[in-house]
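One structure below.
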Ligand code: TRP
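Spelled out as structure tokens, the structure:
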């Protein structure tokens, strides 16, 4: 296992992809269904109960441990709840990025979204953290919308449909409050000329055999999908071209995007760039069960940024919980807070740490009923989404400020 070496920006032998020989290399990405067929994690699909500690081992990443949290604290003077609660639980080269920040060197942030549907609260979490990092580090941010990827992924999707979601998603991105002077939105089909030369350099260095191992492509995968990954890799190196020198990049993203970065890191140094660093988030649990993630394809399992208050109320009231079957049993045995999506929503979004710890103790000791938690979550979510909706409305007037070429974007 090359834990140490994959963390070293100069180490010539450090490869996140490895030599593509599964027997010799524990870092070979694949998806993590090897031992358990009910779990599947690729950039396009997350199925089953996710064991995050196991992902750290399988993907060969580093845990967000107390050491790295202390380094963060030294720079920011505080510990963001998403770090403290291990919502961001894993990283690559975050220590390298923090050293650069400390020494006053400019780093870029890079994140993105596949515009396959409307945005829900699960999507907002890494974006909110990205905004926090932008504010703390004063960093420039590239935000990529992979409209090409989402068109290619599904045979049913038309380009008009994807364009509609791209527009709607841009409003959500802007409403998170990124600094307009330090943020550029890249829409792949619009801004491809800025990415294409870099994507070509990357594509030339990656074999189909590697792409198959990393992304799980098969003979029935359409060739657009097979050719796509370098387009998502390109923004990792764009900052170096903009700045005219190798520029460190940190990518906050959910862990399912990791295959892209393993591939990119493998070619980075050969191309004269730093390996892009990552900070990986978990998935926000879906409202209908313990496993999986909130999904745009199952709208009842997620709270969307455009949901009406009655809809939020209904989704929350029919949410899965960790509660017992009856009030009497709940009082007697207590609930399973850690297996309860309502608890996690409240913890990540709305409760402060103390409130959440108290909620936990009251729940597991039978002194709290699911109805109370649900009513807290419904109230908080309605007010959060109502604020966001206003920001989405005013975002319509500032699209140009955020687009890569400061141009308008219309449906
Ligand atoms: N492929 C991502 C998705 O489907 C979108 C994306 C593009 C992205 N670039 C990114 C996500 C960088 C995180 C970081 O959602």
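In our numbering, the protein residues as written are 459 to 869.
All C-beta atoms in this analysis are idealised placements derived from N, C-alpha and C, irrespective of residue type, glycine included.
- Bounds of any beta strand (DSSP E) do not take in residue 584; it lies within the alpha helix (DSSP H) bounded by 579-595.
- The beta-carbon distance between residue 843 and residue 770, rounded to whole angstroms, is 6 angstroms. This is short enough to meet the 8 angstroms contact definition.
- Ranked by how close their Cα comes to the Cα of residue 860, the residues 502, 611, 629 have 629 in first place.
- Note on geometry: alpha-carbon atoms of residue 681 and residue 659 lie some 18 angstroms from one another.
- Residue 666 counts as exposed, since fewer than 16 other beta carbons sit within 10 angstroms of its beta carbon.
- Every unbroken stretch of the beta strand (DSSP E) spanning 3 or more residues and falling wholly within the region 650-733 is given here in chain order: 707-712.
- In the three-state scheme derived from DSSP, where H, G and I count as helix and E and B as strand, residue 800 is classed as helix.
- Taking all protein chains shown into account, residue 509 has fewer than 16 neighbouring C-beta atoms within 10 Å of its C-beta and is therefore exposed.
- Look at residue 501: its beta carbon is less than 7 angstroms from one of the heavy atoms in ligand 1.
- Taking the Cα positions, residue 824 is about 56 angstroms away from residue 698.
- Taking C-beta atoms as the reference points, residue 850 and residue 574 fail to come closer than 8 angstroms.
- Per the DSSP secondary-structure output, residue 576 pairs with nothing in a beta bridge.
- Check the Cα spacing between residue 641 and each of 605, 514, 592, 603: the tightest is with 592.
- Shortest gap from the CB of residue 709 to any heavy atom of ligand 1: under 7 angstroms.
- Taking a cut-off of 8 angstroms on C-beta distances, the region 698-708 touches the region 544-562, as three or more cross pairs fall below it.
- Assignment of residue 823 by DSSP, reduced to helix, strand and coil, places it in the coil class.
- For the pair residue 816 and residue 737, the Cα-to-Cα distance works out to about 29 angstroms.
- Here the C-alpha atom of residue 636 lies approximately 45 angstroms from the C-alpha atom of residue 789.
- A distance criterion of 7 angstroms places the beta-carbon of residue 789 beyond contact range of ligand 1, judged by its closest non-hydrogen atom.
- Bounds of any beta strand (DSSP E) do not take in residue 554; it lies within the alpha helix (DSSP H) bounded by 552-560.
- In terms of Cβ geometry, residue 580 and residue 742 form a close pair [threshold 8 angstroms].
- Inter-residue distance for residue 820 and residue 782 is about 14 angstroms (C-alpha atoms, whole angstroms).
- DSSP, read as helix, strand or coil, puts residue 467 in coil.
- Exclusion of the five residues before and after residue 694 leaves 568, 707, 709, 719, 722, 726, 731, 734 as the residues of its chain whose Cβ lies within less than 8 angstroms of its Cβ.
- Close CB contacts of residue 763 within its chain, under the 8 angstroms cut and outside five residues either way in sequence, are with 576, 577, 578, 579, 582, 630, 633, 843, 846, 847, 850 (chain order).
- Judged by the Cβ position, residue 715 qualifies as a neighbour of ligand 1 at the 7 angstroms threshold, a heavy atom of the ligand being closer than this.
- Bounds of the alpha helix (DSSP H) holding residue 611 are 605-611.
- Residues 804 of the same chain have their beta carbon placed closer than 7 angstroms to that of residue 834, with the five preceding and five following residues left out of the count.
- From the listed residues 787, 499, 502, 507, the smallest Cα separation to residue 746 is found for 507.
- Sixteen is the threshold: since fewer than 16 other Cβ atoms of the shown chains lie within 10 Å of the Cβ of residue 613, the residue is exposed.
- Inclusion of residue 780 and residue 801 in the CB contact set at 8 angstroms is warranted, their separation being smaller than that value.
- At a Cβ-Cβ threshold of 8 angstroms, residue 601 and residue 570 count as neighbours.
- Residue burial annotation: residue 618 is exposed, with fewer than 16 other C-beta atoms found within 10 angstroms of its C-beta.
- Out of 608, 643, 696, the CA that lies nearest to the CA of residue 565 is found in 696.
- Your pair residue 714 and residue 499 checks out as a contact, with CB atoms roughly 5 angstroms apart and the cut at 8 angstroms.
- Taking the Cα positions, residue 794 is about 34 angstroms away from residue 534.
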